[in-house]
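For the sequence shown, the numbering used here begins at 18 and goes up steadily by one. Here is the structure we will look at, set down as structure tokens.
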Amino acid sequence: MARVDRHRPAAGVALFPLPFQGHINPMLQLAGALHERGLAITVLHTTFNAPDPARHPGFSFVALPDAISDVVTTTKDGIAKILALNAAVEAPALAECARDALASLLNKSEEGEPRLTCLILDCTLTGMQKVAVGLGIPTLILQTCSAACFRMFRSYDMLYEKGYLPAEESNLLLPVKELPPLQVRDLFDPSILPSKEIGLKLLNLASETAANSCGAIINTFQALESHELTAVRDELLADKGVPTFAIGPLHKIASIDSVGTTRLCNQDRSCIEWLDMQDPGSVLYVSFGSVVRITEDEFTEVAWGLADSGKPFLWVVRHDLVLGVEKAELPLGFECAVEGRGKVIEWAPQQEVLAHSAIGGFWTHSGWNSTLESIYEGVPMLSSPYVGDQLATGRYVEDAWKMGVLLESLLERGKIKKAITTLMEANDGLEIRERAKSLKEKARLCVQSGGSSRRDFDRLVDHILSL
Ligand code: UDP
């Protein structure tokens, strides 16, 4: 196992995350772990959603030109943002700036600074990969969703050929026998987008970037996705000899706790004091991540579903959570109805919340970071997936890992109340809680010395140093 001098690093890596919370978090957690192993860290970033250098004193930061950020902020939907970002990096003027930023890191190596070994980038950033390859810099990709979703995204040719897609009302419940336990309704169907071609293009990006890389890093662990990881490892190796490193949960791979350091929003820590006053395992934590937006009707149903459940809850209501509304307002009479047992905040210290003994369940949109954080703390989930990889993750939570309940149909207060009761009440949720406990133990073992993620991380460091 290679170990280098932390105080005088001889080698360094550059990292470029997609500028959204769910992608910045795992990339900076990976950076932290590599830094602990003696590698110099340079984070390339857009000025849009820029990380705060003050929270990472050991890293260097290089902002890419403002024009890239303009592209990201002015484009509305998420998929269009990623495609626009790639197009921007490939456009001649900006490609030159991106090239300059990387070239200056290469030059520094010649001036006695740490040797730049590689660029680690988000798997959707094909444009930046092309710039790096043009300069002879090896790239590795970071896949921020599960191995199951990575595999699903690489299977779209098959899904169309075999007629699973485009999804039709009559085949929504059909099992996808090549990708168990997924059903057609769990697949992200590009035909629902304004342009199917654009959706497919995005899906292909991740495969293309992985195939052209020197290694694929996945934020998952062996005991959680053994079968899916074997399939991904075999495919990538057989395809172009690309090795895979499963080193998750990334928020626990560095010894320094990354809680809060990668956040873009201000955390409301008053919720921890509030949790301290609640009974063990009694509180439902509710958060739909950093990007999902719900309609006003859905928001009202969520609020009254929580009120009607009679259970204590901590609910993250981001100011931009509700579509078409500047700042989400709670329904009239809601605060009175939940007085003493409900707390609403704008942004939580989520990892700390999930680790709190008062938490008994997590109602989540099934974002991959939230799911892994919940698994690590052994917190059973109520999954309400919205889009993309969240759909498949929700299915895995209920059918493969059996540590939660999937709430699939439109959000409606009666169904919400029933699902919360199933998850939180002693008898109904017993099996789910047992499964959550067992997965928690496995998650903890995999990051300890000799564990599968720890071993893969050691292999990754050796691999980087060999580039
Ligand atoms: N998060 C947080 N506080 C909140 C809500 C979310 O710190 O109030 C963090 C959460 O811990 C996770 C990330 O934001 O690391 C959300 O990522 P995820 O992949 O779950 O969802 P996304 O936001 O990408 O949809």
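For glycine and all other residues, C-beta sits at the position ideal for the given N, C-alpha and C.
Query: Secondary structure of Leu-51, DSSP reduced to three states; Result: helix
Query: Between the CA atoms of Tyr-302 and Ala-372 - distance to the nearest angstrom; Result: 11 Å
Query: Contained alpha helix (DSSP H) runs [length at least 4] in the segment 306-337, N- to C-terminal order; Result: 313-326
Query: Contact belief for Leu-338 with Phe-379 at Cβ below 8 Å, rounded distance in angstroms; Result: About 17 Å; that fails the 8 Å criterion.
Query: Contact set for Leu-176: own chain, Cβ-Cβ below 6 Å, skip 5 residues either direction; Result: Leu-182
Query: Proximity to Pro-366 [Cα-Cα], best of Ala-443, Trp-332 and Ser-383; Result: Trp-332
Query: Closer than 5 Å: residues whose CB approaches a heavy atom of the ligand UDP; Result: Gln-38, Gly-39, Asn-42, Ser-304, Gly-306, Ser-307, Val-308, Val-333, Trp-364, Ala-365, Gln-367, Gly-384, Trp-385, Asn-386 and Ser-387
Query: Cβ contact (3+ pairs, closer than 8 Å) linking the segment 403-423 and the segment 282-291; Result: no
Query: Delimiting residues of the beta strand (DSSP E) encompassing Gln-160; Result: 156-160
Query: Outcome for Lys-269 when other beta-carbon atoms lying within 10 angstroms are tallied against a minimum of 16; Result: buried
Query: Inter-residue spacing [alpha-carbon to alpha-carbon] between Met-44 and Pro-34; Result: 6 Å
Query: Whether Gly-392 touches Ala-460 by CB criterion (9 Å); Result: For clarity, residue 392 is Ile in the given sequence; the question names Gly instead. It is a contact, given that the beta carbons lie within the stated cut-off.
Query: First through last residue of the beta strand (DSSP E) which encompasses Phe-33; Result: 28-33
Query: Residues bridged to Cys-135 [DSSP beta-bridge criterion]; Result: Val-30
Query: Contact the segment 418-436 vs the segment 382-402: 3+ CB pairs below 8 Å; Result: yes
Query: Proximity of Ala-233 and Leu-220 at Cβ, strictly below 9 Å; Result: no
Query: Inside the segment 158-227 only - alpha helix (DSSP H) runs reaching at least 4 residues; Result: 164-170 and 173-178
Query: Per-residue DSSP class, three states only, for Val-464; Result: helix
Query: Residues bridged to Ser-304 (per DSSP); Result: Thr-381
Query: Where the alpha helix (DSSP H) containing Ile-270 begins and where it ends; Result: Premise fails: Ile-270 is in no alpha helix (DSSP H) and is neither H nor E.
Query: Unbroken alpha helix (DSSP H) run spanning Ser-287, endpoints; Result: 287-293
Query: Classification of Lys-328 by the beta-carbon crowding that lies within 10 angstroms, buried from 16 upward; Result: buried
Query: Leu-56 to Asp-314 span [Cα, whole Å]; Result: 49 Å
Query: Leu-190 vs Arg-171 beta-carbon contact at 9 Å; Result: no
Query: Test item: CB-CB of Ala-28 and Ile-154 under 9 Å; Result: no
Query: Coarse secondary structure for Phe-78, derived from DSSP in three states; Result: strand
Query: Contacts around Asp-251, its chain only, beta-carbon distance under 6 Å, and the 5 residues preceding and following it disregarded; Result: none
Query: Straight-line Cα distance separating Lys-257 from Asp-416; Result: 33 Å
Query: Reference Cys-353; option with closest CA among Trp-364, Ala-320 and Ala-120; Result: Ala-320
Query: C-alpha distance - Val-404 paired with Val-79, whole-angstrom precision; Result: 32 Å
Query: Opening and closing residue of the beta strand (DSSP E) in which Ala-354 lies; Result: Where Ala-354 is concerned, there is no enclosing beta strand (DSSP E), although the alpha helix (DSSP H) it sits in stretches over 351-354.
Query: The segment 448-468 / the segment 117-130 touching (three or more Cβ pairs under 8 Å); Result: no
Query: Within the segment 365-413, ranges of the beta strand (DSSP E) (whole runs, at least 3 residues); Result: 376-381 and 398-400
Query: Min CB distance Asp-117 to chain D below 9 Å; Result: Considering every chain present, this structure includes no chain D. It has just one protein chain.
Query: Asp-139, buried or exposed, once every other Cβ within 10 Å from all chains shown has been counted against 16; Result: buried
Query: Beta-carbon spacing of Ala-115, Val-148 below 9 Å; Result: yes
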